[in-house]
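UniProt numbering puts the first residue of the sequence shown at 1, with every later residue one more than the last. Quick reminder that beta carbons are idealized off the backbone N, C-alpha and C, glycines included. In this text, all values refer to a predicted model and were calculated from it rather than measured experimentally. Here is the structure we will look at.
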Amino acid sequence: MLHRMNLEGAWSLQLDEQKHGLQLPFEDSITLPNTTSHANKGKKNTEVKIGSLTDEYAFEGYAWFAREVEVPEELQDKPCFLFLERTRVTTVWVDGEEMGTQNSLNTPHVYDLTGTLSEGKHTITIRVDNTNYPTKGGHMTSEDTQTNWNGITGRVELQFYSQDYLENIQTYTDPVKKTVHITAHLNGRWDAAQLHISACSSNTDIKHTVKEQTFQLSSNNVSVTYEMGEEAQLWSDLKPNLYELKVELKAVSGEVLDSHNVLIGLREFRADGDKFTINGNKTFLRGKHDGLIFPLTGYAPTDVEEWLRIMTISKSYGINHYRFHTCCPPEAAFIAADMLGIYMEPELPFWGTITDETHEQHNQAEQDYLIREGYAMLREFGNHPSFVMMSLGNELWGSKERLNDILKQYKAYDSRHLYTEGSNNFQFVPVILEEDDFYCGVRFSKERLFRGSYAMCDAPLGHVQTDFPGTMKDYDEQIWPSAKLDDGDKESGNQSIQIQYGTEMRTVQAETAEEQLIPRIPVISHEIGQYATYPNFKEIEKYTGPLKAKNFEVFRTRLEAKGLGHLAEAYFENSGKLAVACYKEELEAAFRTKKLAGFQLLDLQDFSGQGTALVGVLDAFMDSKGLVTPEEWRTFCSDAVLLARFDRYNYEAGESFEADIQLSYYRTDSLNGKTLKWELINNEDVLVEGEMEVSVGQDLNYINIGSIHTQLPSVTSMTQVVLKLSIAGTDIYKNYDLWIYPVHQELDWTGTHLFRELNDQAKELLERGEDILLLPDPASLTHSIEGTYSTDFWCYPMFRSISESMNKPTPVGTMGLYIDNKHPVFESFPTETHSTYPWWSIVMNSRSIVLDDTVPKLQPIVQTIDNFERNHKLSLLFEARVLNGRVVVGTFDDKEIAHTPEGKQFLNSILQYVKSDDYHPQIQLQYDELARLL
């Protein structure tokens, strides 16, 4: 390129919502790059979005931009291109003459203006349309993520070239031969020029300058191989060594005709059996979903610094992989990923059905557009070493043959990447296509699940939601069954099934699989997690751009209307602590699975739309919520994760504790000869400890270190201990909380008036000033919510609506416990304020009673946190003065939980309390009101 004329800055602006056409004169101006919304242009939007953020200046229609440019004499006859890095559907005019229309959502729009810009002043007019898309565009245009903005958000420039110049430079690295093969097209005379290539390392510990090489050209199709030398350093997530490749086109006289700098990395990312490899070494993908959520602007940044900031945060939480949901980020994201060592998977902007010509609703124009988008993404970003994978879309249906054919075309066009048919395609009846390089999904049949949580409409639910807690779960048997499984859910032939489709329901035709699906390629678990937290209303003030959290304001008003506004912060913190624990189990189950190649979280950060899904330990700004530190998160999300495998968290005194200690390990440093230390600690006291030598066997990535066999102490009170694991001389460690309970022969109910329902006898006792303990059968409580331990999946309003439209059970929708842990009822059952594993059997054998219409001052001792749509005041345990007596009401199945050490201890603590001098309920409740609750 001879000259780059930067056109960033002031442009004239005219908004044309009705698409009438440009009306002169222009009435406004804007600074580009920008969006009309971010610049606060147009009418202010008074709408309040509940399921997403509200764009206060949302605009859909034509936006007209115009600017005068002056071309100097020395550039007037040169090839010239208008470069618009990131925009919507554009049409360009020069001095009133139309230059064409382009519609790529993912790649730059480049207009050939050669011959139109003579010396002097010219007016460039650009019309941007954010309505007339060839496809819906997935998260590229969704109000749920980056919004359907209008504008130009990246570089805006005129690019002038000499008469001889290179285009479409593509690089193909070979880390074994230490070479890079370069292809390009030469516009101009090939016999009058030479190609000069040099390279210098960047982002490396050791500086390496590669000798310049000169290549004679034999045609306009350039194809040369550049030797990097044995000293060349390789690129990976562990060591992201980069090179800046300088490609110069020179005349025989030595004059530089054209010059390009290309960032490359020597790497080979491959599928090898059930794992991915990077340069021959196995790697495990620790991914996050990304929908281009940027609340301050409403659009994805195009500067490297911002992407470095947010990706560095992700790396601090152990992430080495990004899957972009139905979108592709700007080049700055790939550059940042190159520098940091992150494996990138962009996706075509599509969430729907890929049909063939036999389908009555086949849309060939849309399909052609999507295929072109894929080719454009490969050409534009394919040189980046971080670009290792590509997906055809999200949760696709339709023609398997057509999807396979598209994959085949892409693989023939560009072999640098691995390809998949899509993310979680064909949902309940998945298939692996012949051309799939890897598989991304959540199940291999209705019962063969390899994710820890699911929506109710996608039941069965996952083990984090339903199974007795321990650390034994992995998905190896689900991924690669040792015997043929009978799912019991197959029907012959084709069938119509209902599926979740975005925020709605859709009926599709599904072909029943005839054979059990056994993957022979790497498997990635799709969108794992989705554990919701209650909103943090303090975030509202952070929305200083065009997007406002009016949904948060509505949720806050709803909570306050229920008289619970003072509990907002407690709801946020305690639901969040439970969500972290759920994520820990979810992630560890993935690391325990030998046959899994990686996972993609949904998400490390909150998702702003689709009902408002606050599923992150980071907020939408990528700021910490204060729920877990990066260091602690990395103990269960890293390239080295210690795993203690034991069957439960709760034990009686004197029981044997057994745990197998394993290590998921994807580093290159050998651990042979290292020592693992284990300790059981109560506060600062070491109860028992031991050491094991780390000996690496044949499986370098899944190391069985040894086993712990020890007798737990004979405690006389409920005791929390921590199992601490650490490998000396490394940063590898892990902590697990365990609970030990004293042995109770039987519960002492003497002196306690126990009732299962309110009856005349109970009323008589209360009138006489006696106390009763009311433990009704949870199944009898009509005005109550089912007990469930795990926090809500994604967000209640979205999946309630989907379940209702599918005539399926609605989600429970609760978000864990908020416990008044200073209350004397817990004298013998010490607890945190949030849900912990001593509560699992209690909660799972309970229903929470709705106290909405009771006196505001009646606050449960153990409160179940409801979601932000219902905001019920829910009680698992409360007390009150009734008539002349006192009552404690528990809505759990005491007979069932008495079979567990934790349940027995809980009941014992309640019995001790109601017999103690500390029994002083503060709130008076009318007898009729109590009766109505039950």
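For residue i, which three-state DSSP category applies?
| i | result |
| --- | --- |
| Arg-4 | strand |
| Leu-766 | helix |
| Ile-451 | In the sequence under discussion, the amino acid at residue 451 is Arg, which differs from the Ile named in the question. Reduced to three states, the DSSP call for Arg-451 is coil. |
| Leu-292 | coil |
| Val-210 | strand |
| Asn-704 | strand |
| Trp-307 | helix |
| Arg-379 | helix |
| Thr-147 | coil |
| Gln-367 | helix |
| Tyr-413 | helix |
| residue 947 | Because the chain spans 1 through 934 in this model, residue 947 falls outside it and cannot be assessed. |
| Phe-334 | helix |
| Glu-491 | Unreliable positioning characterises Glu-491 in this predicted model, as indicated by a pLDDT of 43, which lies under 50. The coordinate reading is nonetheless provided below. Coil. |
| Ile-727 | strand |
| Glu-477 | helix |
| Asn-40 | coil |
Would residue i pass as a contact of residue j if the rule is Cβ separation under 8 Å?
| i | j | result |
| --- | --- | --- |
| residue 936 | Val-615 | What is shown of the chain runs 1 to 934, which leaves residue 936 out entirely. |
| Glu-434 | Ser-391 | no |
| Leu-113 | Val-89 | no |
| Asp-893 | Asn-845 | yes |
| Lys-288 | Gln-610 | no |
| Ala-880 | Gln-924 | yes |
| Tyr-57 | Thr-36 | yes |
| Glu-157 | Met-5 | yes |
| Ile-124 | Ala-66 | yes |
| Pro-108 | Thr-302 | no |
| Thr-420 | Cys-440 | yes |
| His-753 | Ile-772 | yes |
| Met-1 | Tyr-161 | yes |
May I have the straight-line CA-CA distance separating residue i from residue j, to the nearest angstrom?
| i | j | result |
| --- | --- | --- |
| Pro-295 | Ile-50 | 15 Å |
| Pro-809 | Ser-801 | 11 Å |
| Gln-926 | Asp-917 | 23 Å |
| Asn-884 | Tyr-818 | 29 Å |
| Ala-412 | Phe-555 | 51 Å |
| Gly-626 | Met-718 | 28 Å |
| Gly-690 | Gly-706 | 11 Å |
| Val-523 | Ser-848 | 39 Å |
| Asn-871 | Glu-380 | 48 Å |
| Val-210 | Gly-229 | 7 Å |
| Gln-863 | Leu-567 | 11 Å |
| Arg-932 | Glu-786 | 18 Å |
| Lys-490 | Arg-402 | Residue confidence for Lys-490 is low, a pLDDT of 48 falling below 50, so the modelled location carries little weight; the figure read from the coordinates is stated next. If I take the Cα positions, the gap works out to 25 Å. |
| Gly-393 | Pro-349 | 6 Å |
| Pro-469 | Trp-794 | 21 Å |
| Tyr-375 | Asn-807 | 41 Å |
| Leu-775 | Val-812 | 22 Å |
| Ala-576 | Ala-532 | Residue identity differs from the one stated: residue 576 is Gly in this sequence, not Ala. Cα to Cα, the separation comes out at about 8 Å. |
| Glu-119 | His-185 | 28 Å |
| Pro-430 | Leu-449 | 12 Å |
| Val-843 | Val-262 | 58 Å |
Go ahead and label residue i buried or exposed: buried means 16 or more other beta carbons lie within 10 angstroms of its beta carbon, across all protein chains shown.
| i | result |
| --- | --- |
| Trp-149 | buried |
| Val-128 | buried |
| Leu-24 | exposed |
| Thr-635 | buried |
| Asn-867 | buried |
| Gln-146 | buried |
| Gln-465 | buried |
| Ala-620 | buried |
| His-834 | buried |
Please go through the segment 775 to 848 and give each complete alpha helix (DSSP H) segment of 4 or more residues, from N-terminal end onward.
Entirely contained in the segment 775 to 848, the alpha helix (DSSP H) runs reaching 4 residues are, in chain order, 796 to 805, 840 to 844.
May I have a chain-ordered list of the alpha helix (DSSP H) segments no shorter than 4 residues that lie completely inside the segment 571 to 651?
Taking only runs of at least 4 residues, the alpha helix (DSSP H) segments lying wholly in the segment 571 to 651 are 630 to 634.
Jot down the residue ranges of each uninterrupted beta strand (DSSP E) in the segment 54 to 136, minimum 3 residues, whole runs only, in chain order.
62 to 71, 80 to 84, 89 to 94, 97 to 102, 109 to 112, 120 to 129
For the segment 516 to 580, which segments carrying the beta strand (DSSP E) assignment without a break, of at least 3 residues, lie completely within its bounds, in sequence order?
523 to 529
Output the residue ranges of the alpha helix (DSSP H) runs that lie fully inside the segment 833 to 918 and measure 4 residues or longer, sorted by chain position.
840 to 844, 894 to 897, 901 to 914
Runs of beta strand (DSSP E) lying entirely within the segment 250 to 295, each at least 3 residues, in chain order
Complete beta strand (DSSP E) runs here, min 3: 256 to 264, 269 to 272, 275 to 278, 281 to 283, 285 to 290.
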